[in-house]
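With the UniProt record's numbering, letter number 13 in the sequence shown gets 13, and the count goes up by one each step, no holes. For reference, the structure is listed below as structure tokens.
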Amino acid sequence: MDRRLLAFPELERNHSLAKNSREGADTGAIMDPRRSPKENTVPQAMADKLSEQALATAAQIKEMLQDMKNTQNWPRHYQQLEIYMDLSPATFIRHKAFAKITKILRQNSIPYRWGYPVKLIIQRNGTPTLSTVTEAKKALARWDLTTIDDQALPPRRQTPLHTQRKVKKNGKKCDVLFIIYRSLPHQL
């Protein structure tokens, strides 16, 4: 079995059926047309091309994630940009509570990653796992890392997100525009 086909289960099935029919593994299936294996619907050249594209896409994603970690190479006006995974709103809010902590870690070049559901895993002095912001502040104090005052952070600008929904009012359907505010860095 070609390892490149493992990413595509339908190709793996077709490949194994074609291989079994060539080897004559089940003679009853060859004699009875209802039990005969299906033909390989994807040519090998196309299977190779699809697997190469999947590998190239995985490599591009890996490269993009590596580039996102190193913000010093970005243009100056993008260096304040923060990238978060697409998570549920509750998890996203809990991640944002750690924003000051993660900024200090990035400034001091200390690697960290997110654990499940919301845990900050810092790779320093035995890799502690921190579940709350107070634990993280205590750990930073133990390590003598500088803290950021609230005044040192730039003010955040509120930008509206617009959503429109149909709502019944007095028995009639009417359009209502909901405005949801999210916080963005002031420099953007």
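The beta carbon of each residue, even a glycine, is placed where N, CA and C say it ideally should be.
Are there 16 or more other CB atoms within 10 angstroms of the CB of A47, so buried, or fewer, so exposed?
-> To locate residue 47, count along the sequence shown from 1; it is residue 47. In the assembly as shown, A47 is a buried residue. Its beta-carbon has 16 or more other beta-carbons within 10 Å.
Excluding sequence positions up to five away, which residues of its chain have a Cβ less than 6 angstroms from the Cβ of Q151?
-> Looking up residue 151 in the sequence shown gives position 151. The predicted position of Q151 is uncertain, since its pLDDT is 40 and thus under 50; no value can be drawn from it.
Going by CA-CA distance only, name the one from T57, L145, T132 that's closest to K96.
-> Position 96 of the sequence shown holds residue 96. Here the closest residue by C-alpha is T132.
Any non-hydrogen atom of the ligand ADP within 6 angstroms of Q53 CB | Ligands displayed in this structure: none; no statement on the ligand ADP is therefore possible.
For L145, which of Q72, T91, K100 has the nearest alpha-carbon?
-> Stepping through the sequence shown from its first residue, residue 145 is reached at position 145. With distances taken between Cα atoms, L145 lies closest to K100.
Closest by C-alpha distance to L140, when choosing among I104, P111, R94 = The count along the sequence shown starts at 1 and reaches residue 140 at position 140. For the set I104, P111, R94, the Cα lying nearest the Cα of L140 is the one of I104.
Starting from I122 and walking both ways along the beta strand (DSSP E), at which residues does that stretch end?
-> Locating residue 122 in the sequence shown gives position 122, where the first residue counts as 1. It spans 119 to 122 - the beta strand (DSSP E) in which I122 sits, taken as one unbroken run.
Hey, how far is the Cα of P160 from the Cα of A58?
-> Mapped onto the sequence shown, residue 160 falls at position 160. Mapped onto the sequence shown, residue 58 falls at position 58. Note on P160: pLDDT 48, under 50, position unreliable in the model; the coordinate value appears next. Linking P160 to A58 through their CA atoms gives a straight-line distance of about 34 angstroms.
Taking the DSSP output, what are the residues bridged to L55?
-> By 1-based counting over the sequence shown, the position of residue 55 is 55. Checking the DSSP bridge columns, you'll see L55 has no partner listed.
Grab the span of the beta strand (DSSP E) containing R113 for me, first residue to last.
-> Mapped onto the sequence shown, residue 113 falls at position 113. Taken as a continuous stretch (DSSP letters only), the beta strand (DSSP E) holding R113 covers 112 to 115.
Kindly list the residues whose CB is nearer than 8 angstroms to the CB of T91, restricted to its own chain and excluding five residues on each side of it in sequence; keep chain order.
-> As a first step, residue 91 must be located in the sequence shown, where it is residue number 91. Excluding positions up to five away in sequence, the list reads P117, V118.
In the DSSP assignment, find the unbroken alpha helix (DSSP H) run with L140 in it and report its ends.
-> Looking up residue 140 in the sequence shown gives position 140. L140 -> alpha helix (DSSP H) spans 133 to 142.
Assigned secondary structure, L105 (DSSP; H/G/I helix, E/B strand, else coil) = One-based indexing of the sequence shown puts residue 105 at position 105. In this structure, L105 counts as helix in the three-state DSSP scheme.
The alpha helix (DSSP H) enclosing F98, as first and last residue numbers = For the purposes of this step, residue 98 is identified with residue 98 of the sequence shown, where counting begins at 1. Run containing F98: none; DSSP gives neither H nor E here.
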